[in-house]
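Protein chains in written order, with my numbering: chain A, 292 to 401; chain B, 1096 to 1810. Input: a single structure, listed below in structure tokens.
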Amino acid sequence: MKTFFLFTSSLLLLNTPAVFAQSNQEAASLASQSGCMACHKVEGKLVGPGYQDVAEKYKGQPDALEQLSQKVKKGGAGSWGRIPMPAHPQLSDESARVLVTWILKGAPSQ
Amino acid sequence: MCRLNLRLLFALIYFVSCSLFAAANSDISGVVKSSKGNEAGVWVIAETTDLPTKFTKIVVTDDQGRFLIPELPSASYQVWVRGYGLVDSPKVNAVPGTFINLKALIAPNAKAAAEYYPGMYWYSMLEIPKANEFPGTGEKGNGIPTFMKQQHYWVDTVKNGCQSCHALGSKGIREVPEFFTKMGNGDSFAAWAHRTQAGQAMGYMALVLGRLGPDKGLSLYADWTDRIAKGELPFAKPERPKGLERNAVYSMWDWSTPKFYMHDAMSTDKRNPTINANGLIWGAPEESTNLVPTLDPVNHIASSVRMPVLDPNTPSSTNVPRGPSAYWGNEPIWDGQSSIHNHIMDEVGRMWFAARIRPVPNPDFCKAGSDHPSAKVAPLNESLRQLSMYDPKTKEWALINTCFSTHHVYFGHDANNTLWTSAGPPNSGVVGWLNTKKYLETRDEKASQGWTPIIVDTNGNGKRDEWVEANQALDPKKDKRIMAAFYGVQPSPVDDVIWGQAMDVGFSRIDQPGYLIRLDPGSDPSNTALAEIYQSPEGTFGPRGIDIDSKGVVWTVLSSGHIASFDRNKCKGPLNGPTTAEGKQCQEGWTLYRLPGPQFKGMDPKGSADGAYYIWVDLHNTLGLGKDVPIASSNGGEALIAVVNGKLINLHVPYPMAFFTKNVDGRIDDASAGWKGRGVWTTTGTRTPFHSGDGSKDMYPKVFKVQMRPNPLAN
């Protein structure tokens, strides 16, 4: 019974908005700490495209997470004009996925 | 009898000329001639690697091409000639005590001659968007962001964004390394994009590009270097040193390492420049390292002291994103946590640093709900940089946790030895200080610090009241806050007032002009400080740096290409009340001095393409050009520029190419030794020393000492 209670509590916690809110905040913080926000804004172009534009462009594409995580790590050019996206080899695979997941959601702050 | 008199006259002439040119055992002297005859106003450079650190000394030839390099340490030197209209002469070996004739080489063509021009002669070829392109119409329009409302916003961004760290126009910048050209597949726009992503300042570079409009900015920089690569040359030529400019003696020493860079150097207590006579020079290595470099200029020894941090999680340069460098590849060459931006010496030789000691979030005593008197007025949640202090006698550091951010630091003239600080960027919106007397007695950092918002007395009742915020309309019953922090700060030597300077749009990135700010602290500064703000005259813009002469006249430099003074005593109208809310009063208080050299094409010729990082007033005649002489650090002219009796003296440092410094200070080592006992000190201030000279990974930051002789041959 005790085990069942802990299990269901965990499920509830995983599905509460508070968990996602914390996750979004952490992703936003990671983006800030990783220097992403020097080139990107949530809305509109800075040096690179706005995150909401990225989310819109890749909406419904199942391989977007993998594709963009690789682009964050290795860099790329041509998708958003002439300015290349530099490589970020110092980011772990996990961090890159956290960032891209958040970006594909439209980079919510909460 | 007549013949005898003629002989006497010739003997007298010979005696006078010899005595003017009498070299000592520690001098190297001689004459510089080219195929055109004696070369006046060219530089003679002597350099040695025989000493513990590389040492160089430079003088200028007189009107007969004669030179005398005085007071050389015993060593073997390579000596050569550099000058406008020339190419470098072959290096010859010489030791002190010798007389050598040097053969200068006339430049074979305009291109070869232009290689020795200061950077501004090259970067003035950069096309600036025309005035009618502003306000920008954005990404889908002309590529200039809509928030760039006027042309000067763009110029101020180039000067106080790009040029504040780089010797624009120098060979290392006007030529794009093949490394980036290859990365961009031969496209110069893409090469510049990769170039601005190189190294650990990538984030800051992106920030500046975002302000210029990334496509617009990169296009114009690529166009500039493309035209140079195709052979376009500067449209203006510099003049050789003349008059007093030929009396200068430049000494320089390597310090730190080629990977690191300096923001400032400090030699003494500005209030009493006899402090630390002949002692160590101290560096401020900003983001590059925690190793504070020192130079013993007497024994030519460079060393360093490591600054600790309070919290191991203090942000580090090693963790910031970076693109590959043409010089350093993927190596993160900076590892600094301490972010030492600026420093000052106190009356017993202790060094006080604007330094980072911990992560950004502030301790609770800084925040809302705290009982700290300043937090009650203006709670602060974040601080980007705090304070540290090093006592060379005990070799101990103190790390001082301030709530406010620090950027520049200067001591007041009060009994508490108050250390006044600027914040740099406007984010905090406060001015902070540390009562160092109380701090040293109690080590209580919380009780020893304070800060105040900047409140203008717009209701004109002469006292501080409730205020409206910067983005709110004036209220006749209230005062008004301005959302600026000090960038430059300087306590007045004539009264209790603190002067500051807030940056214009290019640096501040807020929609507010640059100001000079007069802050009268009052009896309880957090609650009583009142500010007056002053904008520079119409057509000028971009104040940066501040100092005050012994009469209370304030000096600054403007990114419109001027040195400017502001004398509040000349003001005729009211200095408080609603008409002063924008700082446009007292235009009559300003005097402008145009910086030398060309202007960008299509821009007001009353300004100059040159930009200066800071200005310093020589209160005690440490340089030898007189008391109260302001000295600007001209980054485009690669010079120190002094204002003497209303005339500009251009002290161009010709070697290594791309002299770039942010500020100076002056010291008197021996008041009885005339010019030999005094001098002004500074350091390489570019973030990329490896762009200097011809561009090299072997290029160390340097300490520079500048002295003024009574004539070009004095020893």
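Quick reminder that beta carbons are idealized off the backbone N, C-alpha and C, glycines included. Note that this is a predicted model, so its numbers are computed, not measured.
Residue i and residue j closer than 7 Å at C-beta
i, j, result
"Ile1658/B", "Thr1717/B", "no"
"Val1154/B", "Ala1199/B", "no"
"Met1347/B", "Lys1797/B", "yes"
"Asp1359/B", "Ala1343/B", "no"
"Val1801/B", "Tyr1299/B", "no"
"Lys1575/B", "Trp1594/B", "no"
"Val1160/B", "Met1215/B", "At residue 1160/B the sequence reads Gly, which differs from the Val that was named. No."
"Val1592/B", "Arg1559/B", "no"
"Thr1756/B", "Gly1788/B", "no"
"Val1600/B", "Tyr1316/B", "no"
"Trp1447/B", "Val1504/B", "yes"
"Gly1231/B", "Thr1241/B", "yes"
"Leu1167/B", "Ser1124/B", "no"
"Ile1710/B", "Trp1650/B", "yes"
Neighbourhood of residue i by C-beta distance below 6 Å, restricted to the same chain and skipping five residues each side
i, result
"Gln1544/B", "Thr1497, Leu1529"
"Trp1429/B", "Gln1295, Glu1382, Ser1383, Ser1412"
"Ala1470/B", "Cys1461"
"Gln1292/B", "Gly1418"
"Gln1042/B", "Outside the modelled stretch of chain B, which goes from 1096 to 1810, sits residue 1042/B, for which no answer is possible."
"Asp1765/B", "Gly1772"
"Thr1276/B", "Ala1286"
Nonlocal neighbours in the same chain, by C-beta distance under 7 Å from residue i, ignoring five residues either side
i, result
"Cys330/A", "Leu337, Val338, Gly339"
"Ala1493/B", "Ser1483, Met1484"
"His1508/B", "Arg1366, Pro1586, Pro1588"
"Arg1604/B", "Arg1306"
"Gln313/A", "In this predicted model, Gln313/A has a pLDDT of only 49, less than 50, meaning its place in the structure is not dependable enough to derive any value."
"Ser1572/B", "Note on residue identity: the sequence assigns Lys, not Ser, to residue 1572/B. Asn1554."
"Glu1228/B", "Asn1237, Ile1239"
"Ser1184/B", "Trp1175, Val1176, Leu1197, Lys1198, Ala1199, Leu1200"
"Ala309/A", "A caution first: Ala309/A carries a pLDDT of 38, below 50, which makes its placement in the model unreliable, though a value can still be read off. Around Ala309/A: no qualifying Cβ."
"Gln1432/B", "Asn1385, Val1404, Thr1409, Pro1410, Ser1411, Arg1451"
"Gly1697/B", "Ile1223, Lys1225"
Cutoff 7 Å: residue i Cβ touching any chain B Cβ
i, result
"Lys350/A", "no"
"Ile374/A", "yes"
"Pro377/A", "yes"
"Gly326/A", "yes"
"Leu390/A", "no"
"Val363/A", "no"
"Val338/A", "yes"
"Leu395/A", "no"
"Ala329/A", "yes"
"Gln313/A", "Because Gln313/A carries a pLDDT of 49, less than 50, the predicted location of this residue cannot be relied on, and the following value inherits that uncertainty. No - not a single Cβ of chain B is within 7 Å of the one on Gln313/A."
Chain A within 7 Å of residue i, Cβ atoms only
i, result
"Ala1288/B", "yes"
"Glu1564/B", "no"
"Gln1432/B", "no"
"Gln1292/B", "yes"
"Pro1416/B", "yes"
"Glu1491/B", "no"
"Pro1456/B", "no"
"Glu1234/B", "yes"
"Ala1450/B", "no"
"Gly1424/B", "no"
"Gly1305/B", "yes"
"Gly1238/B", "no"
"Ala1301/B", "yes"
"Gly1557/B", "no"
"Pro1784/B", "no"
Inter-residue CB distance, residue i and residue j (contact presumed, cutoff 8 Å)
i, j, result
"Gly1719/B", "Arg1773/B", "6 Å"
"Lys1337/B", "Gly1136/B", "6 Å"
"Asn1745/B", "Glu1340/B", "6 Å"
Check: residue i C-beta below 6 Å from any heavy atom of the ligand COA
i, result
"Leu1687/B", "Within the structure as shown, the ligand COA is missing, as the structure has no ligands at all."
Neighbourhood of residue i by C-beta, 8 Å cutoff - its chain only, sequence neighbours within 5 removed
i, result
"Asn1188/B", "Ser1171, Tyr1172, Gln1173, Val1174"
_With three or more C-beta pairs closer than 8 Å as the rule, is the stretch 1787-1804 of chain B touching the stretch 1134-1147 of chain B?_
no
*contact_flag[the stretch 354-361 of chain A, the stretch 1260-1279 of chain B] where n(CB pairs < 8 Å) is 3 or more*: no
*Decide yes or no for the touch test of the stretch 1310-1327 of chain B against the stretch 1723-1737 of chain B: beta carbon pairs closer than 8 Å, at least 3 of them.*
When Cβ pairs closer than 8 Å are counted between the two stretches, the stretch 1310-1327 of chain B is seen not to touch the stretch 1723-1737 of chain B, the count staying below three.
*With a cut-off of 8 Å, do at least 3 Cβ pairs link the stretch 1696-1714 of chain B to the stretch 1665-1676 of chain B?*
Cβ pair count under 8 Å is below three, so no.
_Stretch-stretch touch, CB-based, cutoff 8 Å, three pairs: the stretch 1308-1315 of chain B with the stretch 341-357 of chain A_ = no
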